[in-house]
Structure formats: structure tokens, C-alpha cells
Amino acid sequence: MDVQFLVSFTLIIATFALYIGIAIFNRAKATSDFYVAGRGVPPVFNGMAIGADWMSAASFIGMAGTVMVLGYDGLAYVMGWTGGYLLLTFLLAPQLRKYGRYTVPEFIGDRYQSNIARLLAAVATIIISFTYSIGQLSGSGVVIGRLLEVHTAVGTLIGVVLIAFYSAMGGMKGITWTQVAQYLVLIIAYLIPVIFMALQLTGNPLPWVSYGEIIGKLQVLDQDLGISEYVVPFTENTKWQFLALMFTLMAGTAGLPHVIVRFYTVSTMKAARWSGAWALLFIGLLYLSAPAYAAFSRFILMTQVAGSAIDSLPAWTTSWVDTGRLSVADQNGDGILQWSEIVISNDIVVMATPEIANLGIFVIGLMAAGAMAAALSTAGGLMIAISAALSHDIYYRSINPNASEKQRLLVGRWSIVLATVIAGLVALNPPGAITQIVAWAFALASGTFFPALLLGVWWRRSNGPGVIAGLIVGLSVTLGYIFLAKYGGFTILGIIDTGAGVFGAAAAIITNIVVSLNTAAPTQQVQDEVVDLRYPEQMSYRDGEVWLDDSQDS
Amino acid sequence: MKKIDKSTADAYFRARTTMIFIYLAIGFLVSYVVVFFAEPLSNITVNNIPLHYYMGSQGAVLTFIILLFVNAVVSDRIDKKFGIDDKKNESISRGNSVEH
């Protein structure tokens, strides 16, 4: 057993013990603990929890690699996934908090006075969260598998048992505080290698400032090699695809149920606004570092690996070549490895770079613990969203409204275990490329939830038939476009399947408006409730009059 | 409970909505508009990086973060100007949320 294994293993076990300890300490006792963490989470900590919830294995492991491989075109992900927080915090989160329910489907059902809409939304929540979680589980399988040198499937199963245990135990309350810890682990794990590389390459420890210098050097290197330059825009797809993808990721972010529900855990609208701001600051730390990470990795590969003799490559190459994600072949037979002969997969750039740059065994172990934290925290949040849709929106609100609190907690816990195990089984043999499935989940969220929530909050005339038609049309248009673009070769302005959300969202909004205007207006009470969302908690709107609650608390 | 003038309440809503409109317009400008004009902007450089790439990798994200904090601070000021007490909001919010 080598030292690297022991160090990584110890770091991972230590962080796992921490997460389980937190979950046991914050065990959910009431349904409000289980679904919304008792609604008392302070905004700064909620910001960290949103950060961990939001940043998945794809962000941690895949983001920098995507930017490195795609160049400028990869930045659509950076802007899209951060810009979504503007839509969420400005247009939806505070209002949804004032409405004060447990889940997103519950808001849709009560606001639109429609059981069908609630059930549709619950099913959409399950589908979106489920596909998203498959990526997380198989990601954690890869990390555990490579570390313990067991098969990826065994690694996935270990991840499944761990997530099922601590999310079923702690519910939202346990998950919240586990996510705070996971955020700290993952951000430290991400920043340390970038800062080390910045020091090594530029002598300046601030990667965000010093990577400009490296970008300049990369341009020169690219020109010498005569390949398409790193910073040149739209080399992969059209400008319209870039814009459509960016919109899909933004609207999808604003419509993901497991992220929105995090805003239900704070006390007020004001706390929701601050949560959004803190969340983006904490997320930004990683997203601002990813392009620097990408530039440093590319520079190291171009200057230190390319150009070396093929028979004296460093030891790390063999273990990554074995995973099938890296290929180094001396195609022209001159005994030297050229840049064009290195083919590296997006997904290993972040994990392999610390080894390539020789940052030491502690940093490499920390990266493994960080990647696990990213995968587990997102999977935990997704499992709560699925469990809430099953046990609250479907079981409690539709099947057994007389269920006792104890019964509901039990159903909630078992649906987490069930959902995790099923997602784990699917993840053992993932259906195709995971990044693509994740992109589809965003397209679906922007075609269904984003329009339903936006109109539900901002337009009182929108009604039940409108939202049902909107959900169905948005879903069909999004799925239809994904299918046509992917398999039928049909595209508009070069927009491919990952940008489908822009059409889904537009179709759903138009349908909702047209159908709502042609059917009966919602009841006066519902319309009053929507107008009420314009004001802070202390002001309330009734029958065209606004009241200010100035009573003194005793 | 005291009744307040509908025009005061409308003024509150208008102040908040105007600010949100401005923030979203700025957010749109630094992301979508910059992408749209990526080619001509690439001749300008910031910190050695062509402007379109700089905005995509740092400028836009930094602007988003600043906008969110400005929103949080300005909204608190607007609340204060209209006599909203956050302690009161908290206790009302506890009573109003549907905990079932």
C-alpha cells in the first residue's frame, strides 16, 4: 500500500465521519425540520449550503476541463450557471419564501389552485432531480473506485449507502449543516492547487490576477503551432448556440427545485435576498478560479509534457491512460510527444493536474475529498427534493391527507432510501454521456418550472388551465427539440440540443398567457395572494387595501 | 394593524421593481451583449486578456456578485424608508408559513 493511498484514504474517511456526525447531531424531529430545516438557517450559512448543493461533481471535476478543451465557448457555462442566480434572487426566491410552503410543486398547486398542476410539477421534479443525481452518483463512483482501486460499481455503491444514510437521518436540517461543511472542504480543495500553480508558474499567489500573463503566453504558443487560438470565440458552435445555451443554463438554474427549496429554509424575504448574494459569492470563488485552472493546466501540458521523449513520460500518465480518459500516442513516430498527440478528456483535467504539476500527495488526496464533497452534497439535496415530491406532494397532499407527522417522516425517510438505491442502480451503468444528461435536465427545468414560477409570481391573471397547458407544451417542445437536434439533424440558427431550453421556455410562456386569457380568471383570493407577494411580510394586501402590521411583539 | 395608503404601497413596489429592472439590464449587458459583440471586442485587452474572454471568465461573474449585494443593501434601505422592521417580518413570517 503506498503513501498516496493512505493519505487520500484518511482524508476521505475523516470528511465522511464529519458529515455523518453532523447529520446525527442535527437529526430531524419534525416535518418542518425534515423539509425546510425549521426555516431558521442564517443567510451566510444558507449561502454556503446553496453553494455546495449547487456545485456538483460536474462543476468541480468537469468545469475547468470544459473551459480548457472548448476555450472561449466553454465560458457559456461559467456565465450561465452564475447568471441564473440573478433571475432566481431578483424574480423568484423572496416571493416564493413569502408564500411559505414546503416544496416547489406545492407552490404551483396552491397558487394555481390545481391538483393536476401540483402532480405534474411533482413528477417533473422527480424526473429532473433523478437524471441529475445519476451523474453525481457515478461521479462519486469514479473517485472512490480510483482511490480504493476497486471497480467503479463498488465505488458507486459505497457512495449510495453513505448518502442514503445521512440524508434519511437528518432530512433538510441535517443536509443543510452537512452542506456547509462540504462547501468548506470542496472550496479549500479547489483553491489550494490553483494557488500553488499560480505561484509555480507566475510567482504571484493570486491566480485571478496572474493568469492573464499565462493567457498571453498561450496565445504565442498557439500561434507558433499554427492551431486555433485559445481565446478565439465560437470555434466549436455558432454564436446563437452560445447565447441559447447561456439562457438555458440561467433559466434552468432559476427553475431547479432542489436549489429553490434552499430559499425556503431562511426566515424572511430579506434573508432570501442575502442568501442569494452570499451563495453567488461562494460559488463565484470556484467559478472565477476555473478559467485560471484551465489556463494553467493547458500551459503545463503544452510546456512540460508536450515535447518530452515518449519513453520517459512521468509515472502519472500511465495510471490515467489506464482509465481510458487520456491518450498519448507518438503518431508520427519521432520519439517525441507533441501537443497534438495528447488527447485529454474534460473530466480528468482537474483531478490529474495536481499530479501533473507535482503538487504533492496531500493536495492530491485533498482533491479526492473535495470531489467527493461536491458529488455527495448535490446528491443529498437532490434526494431531499425527490423525497419531498414523493412523500409530501404525492403521498400527503394527494393520497393520505390524514397521515400523522410520524408516518410522514417515515415515508419521507424511506423514499430517500428508495430513490438513492434506484438512482445508484441506474448509475452503475449510466445511459450515455453524463454531461449531456445534466444539460438536458437544465433544458427541462427552463422549459417547465421557470415559466410556471415566473408567471405565478409576477402575473396574477395566470390560472390553472394556463399553467397545465404551459407545463405540457414546454415539456414537449423541449424534449422535441432535443430529439430533433440530436437525432434528426434539425437545428435553428445552429442551436443544438443543449440550447433547447430557450424554445421550451418561450413556448411555455406564450401558451400559459394565451390559455390563461381565454379561460376564467383565478379567484379574487388567489389574485390577492399574488399581489401580496409584492410587499414585505409586514405589509399585507386584502381587497385592494394594504395593511401594515405594527403590533408590538410581547 | 393599520391601513396604509395604496399609493405608498405602490411606491414601495415601484421602487423595488425599478431597481430589479436596472440590475437585470446591467446583467444582460455584461453577458449577452458582450457575447454578441465578441469579435470586435477581442481587440481590446484587460490584464493581457482580450476583453470578450475577460468578461466571460471574470467580468460578468464579478458584476453578477456585485449586483446581488447591491440589491440586498438597497432593498434593506428601501424597507427602512417605508418603515419596515425586519424583526417584525420574522415573527409574522413564522406565523404565516404553512407548516403542516
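Sequences listed follow chains A and B, in order.
Mapping the first sequence onto our numbering, position 313 (from 1) lands on 313, and the numbers just tick up by one.
Mapping the second sequence onto our numbering, position 57 (from 1) lands on 57, and the numbers just tick up by one.
We put the CB at the ideal spot given by N, CA and C, even for glycine.
From residue i to residue j, what distance separates their C-alpha atoms?
i	j	result
Ala121 (chain A)	Pro105 (chain A)	5 Å
Ala25 (chain B)	Ala469 (chain A)	30 Å
Val34 (chain B)	Gly56 (chain B)	8 Å
Ile195 (chain A)	Pro207 (chain A)	6 Å
Ser554 (chain A)	Lys88 (chain B)	Legend: pLDDT at Ser554 (chain A) = 48, less than 50; position of this residue unreliable, value from coordinates given subsequently. Roughly 11 Å separates the two Cα atoms.
Leu493 (chain A)	Asn237 (chain A)	10 Å
Ser516 (chain A)	Thr498 (chain A)	29 Å
Leu256 (chain A)	Trp240 (chain A)	24 Å
Ala560 (chain A)	Phe503 (chain A)	Residue 560 (chain A) is absent from the structure shown; chain A starts at 1 and stops at 554.
Gly365 (chain A)	Arg94 (chain B)	44 Å
Ser42 (chain B)	Val78 (chain A)	18 Å
Ala423 (chain A)	Leu281 (chain A)	31 Å
Met48 (chain A)	Ala279 (chain A)	6 Å
Arg101 (chain A)	Ala168 (chain A)	21 Å
Phe98 (chain A)	Phe490 (chain A)	Rather than Phe, the amino acid found at residue 98 (chain A) in this sequence is Lys. Going by the C-alpha atoms only, they are around 43 Å apart.
Leu409 (chain A)	Phe34 (chain A)	7 Å
Ile399 (chain A)	Leu390 (chain A)	10 Å
Glu90 (chain B)	Asn71 (chain B)	20 Å
Ser476 (chain A)	Ile509 (chain A)	13 Å
Gln182 (chain A)	Gly170 (chain A)	15 Å
Arg542 (chain A)	Gly464 (chain A)	22 Å
Ala164 (chain A)	Ile4 (chain B)	51 Å
Leu479 (chain A)	Leu444 (chain A)	8 Å
Ile283 (chain A)	Phe64 (chain B)	11 Å
Give every residue of the same chain whose Cβ lies closer than 6 Å to the Cβ of residue i, excluding the five residues on either side of it in the sequence, and list them in chain order.
i	result
Ala37 (chain A)	Met172, Lys173, Thr176 and Thr265
Leu455 (chain A)	Ser462 and Asn512
Val76 (chain A)	Going by the sequence as given, residue 76 (chain A) is Ala instead of Val. Phe242, Leu245 and Met246.
Ala60 (chain B)	Val30 and Ser31
Gly80 (chain A)	Met246, Leu249 and Met250
Thr530 (chain A)	One point to set straight first is that residue 530 (chain A) is Val, not Thr, in the sequence displayed. So the qualifying residues of the chain are Arg460.
Met68 (chain A)	Ala294, Ser297, Arg298 and Val349
Gln179 (chain A)	Ala49, Ala52, Asp53 and Ser377
Ser8 (chain A)	Leu147, Gly365 and Ala368
Gly466 (chain A)	Asn512, Val515 and Ser516
Ile394 (chain A)	Ala122
List the residues that DSSP assigns as beta-bridge partners of residue i.
i	result
Arg542 (chain A)	A:Glu545
Thr45 (chain B)	B:Pro50
Leu326 (chain A)	A:Ile344
Lys81 (chain B)	DSSP, once it has assigned bridges, lists no residue as partnering Lys81 (chain B).
Lys3 (chain B)	A:Trp547
Ile492 (chain A)	A:Ile495
Ile336 (chain A)	A:Ala309
In chain order, what residues of the same chain lie with their CB nearer than 7 Å to the CB of residue i, ignoring the 5 residues before and after it?
i	result
Gly276 (chain A)	Tyr85, Leu88, Thr89 and Ala93
Thr235 (chain A)	Gly71, Asp73 and Ser228
Ala369 (chain A)	Leu11, Ile12, Thr15, Val185 and Ala189
Gly139 (chain A)	Ala57, Ile61 and Ala375
Looking only at its own chain, which residues have a Cβ that is under 8 Å from the Cβ of residue i, when we skip the five neighbours before and after it?
i	result
Asp330 (chain A)	Ile310, Ile336, Leu337 and Glu341
Ala352 (chain A)	Trp316, Trp320, Leu326 and Ile344
Ile356 (chain A)	Ser297, Ile300, Leu301, Gln304, Val305, Pro314 and Trp316
Could you tell me whether any non-hydrogen atom of the ligand MG is closer than 6 Å to the CB of residue i?
i	result
Ile422 (chain A)	As far as ligands go, the structure on display features none, and thus does not contain the ligand MG.
What are the start and end residues of each continuous alpha helix (DSSP H) run of 4 or more residues lying completely inside the region 283-330 of chain A, in chain order?
Runs of the alpha helix (DSSP H) inside the region 283-330 of chain A: 315-322.
What residues in the region 24-41 of chain B bring their beta carbon closer than 8 Å to a beta carbon of chain A?
If you check each beta-carbon in the region 24-41 of chain B against every beta-carbon of chain A, the ones closer than 8 Å belong to Leu24, Gly27, Ser31, Tyr32, Val35, Phe36, Ala38 and Glu39.
Using a beta-carbon distance cut-off of less than 8 Å, what residues from the region 60-75 of chain B approach chain A?
From the region 60-75 of chain B, only Ala60, Val61, Leu62, Phe64, Ile65, Leu67, Leu68, Phe69, Asn71, Ala72 and Ser75 have a Cβ closer than 8 Å to chain A.
Just to confirm the assignment: which complete alpha helix (DSSP H) runs, minimum length 4, are found wholly within the region 365-432 of chain A?
Within the region 365-432 of chain A, the runs of alpha helix (DSSP H) that reach at least 4 residues and sit entirely inside it are, in chain order, 405-428.
Chain B contacts made by the region 231-246 of chain A, where a contact means CB separation under 9 Å
Residues passing the 9 Å Cβ filter: Val231, Val232, Pro233, Phe234, Lys239, Phe242, Leu243 and Met246.
Contact set between the region 510-536 of chain A and chain B, restricted to residues whose Cβ is under 8 Å from the partner:
So the list reads Arg534, Tyr535 and Pro536, given in the order they occur along the chain.
Restricting to runs no shorter than 4 residues, where is the alpha helix (DSSP H) found entirely within the region 37-84 of chain A?
Runs of the alpha helix (DSSP H) inside the region 37-84 of chain A: 43-54 and 63-70.
Give the residues from the region 539-554 of chain A that approach chain D closer than 8 Å (Cβ to any Cβ), ordered along the chain.
Of the chains in the structure shown, none is chain D; the protein chains are A and B.
Under 7 Å, CB to CB, which of the residues in the region 75-98 of chain B have a partner in chain A?
Those residues of the region 75-98 of chain B placed with their C-beta closer than 7 Å to a C-beta in chain A are Ser75, Asp76, Asp79, Ile84, Asp85, Asp86, Lys88, Asn89, Glu90, Ser91, Ile92, Ser93, Asn96, Ser97 and Val98, ordered along the chain.
Please give me, in chain order, every unbroken run of the beta strand (DSSP E) with length at least 3 that falls completely inside the region 173-215 of chain A.
Runs found: none.
Looking at chain B, which residues of the region 210-223 of chain A have a Cβ within less than 7 Å of any of its Cβ atoms?
If the cut-off is 7 Å between Cβ atoms, the region 210-223 of chain A has Gly212, Glu213, Ile215 and Gly216 near chain B.
Along the region 274-294 of chain A, what residues have a CB closer than 7 Å to any CB found in chain B?
Within the region 274-294 of chain A, the qualifying residues are Trp274, Gly276, Ala277, Leu280, Leu281, Gly284, Tyr287, Leu288 and Pro291.
What are the residues of the region 138-169 of chain A that lie near chain B, defined by any Cβ-Cβ distance shorter than 8 Å?
Cβ contacts with chain B come from no residue of the region 138-169 of chain A.
With 7 Å as the limit, tell me which residues of the region 80-110 of chain A have their beta carbon closer than that to any beta carbon of chain B; keep them in chain order.
For the region 80-110 of chain A, which is checked against every Cβ of chain B, the residues closer than 7 Å are Thr82, Gly83, Tyr85, Leu86, Thr89, Phe90, Gly100 and Arg101.
Between the region 6-17 of chain B and chain A, which residues of the former have CB atoms less than 9 Å from a CB of the latter, in chain order?
From the region 6-17 of chain B, only Lys6, Thr8, Ala9, Asp10, Tyr12, Phe13, Arg16 and Thr17 have a Cβ closer than 9 Å to chain A.
Taking Cβ-Cβ distances below 7 Å as the criterion, which residues of the region 43-60 of chain B are in contact with chain A?
Here the close residues are Asn47, Asn48, Ile49, Pro50, His52, Tyr53, Gly56, Ser57, Gln58 and Ala60.
Using a Cβ-Cβ cut-off of less than 7 Å, give me the residues of the region 32-47 of chain A that come near chain B, in sequence order.
Within the region 32-47 of chain A, Ser32 and Arg39 place their CB atoms closer than 7 Å to a CB of chain B, listed in sequence order.
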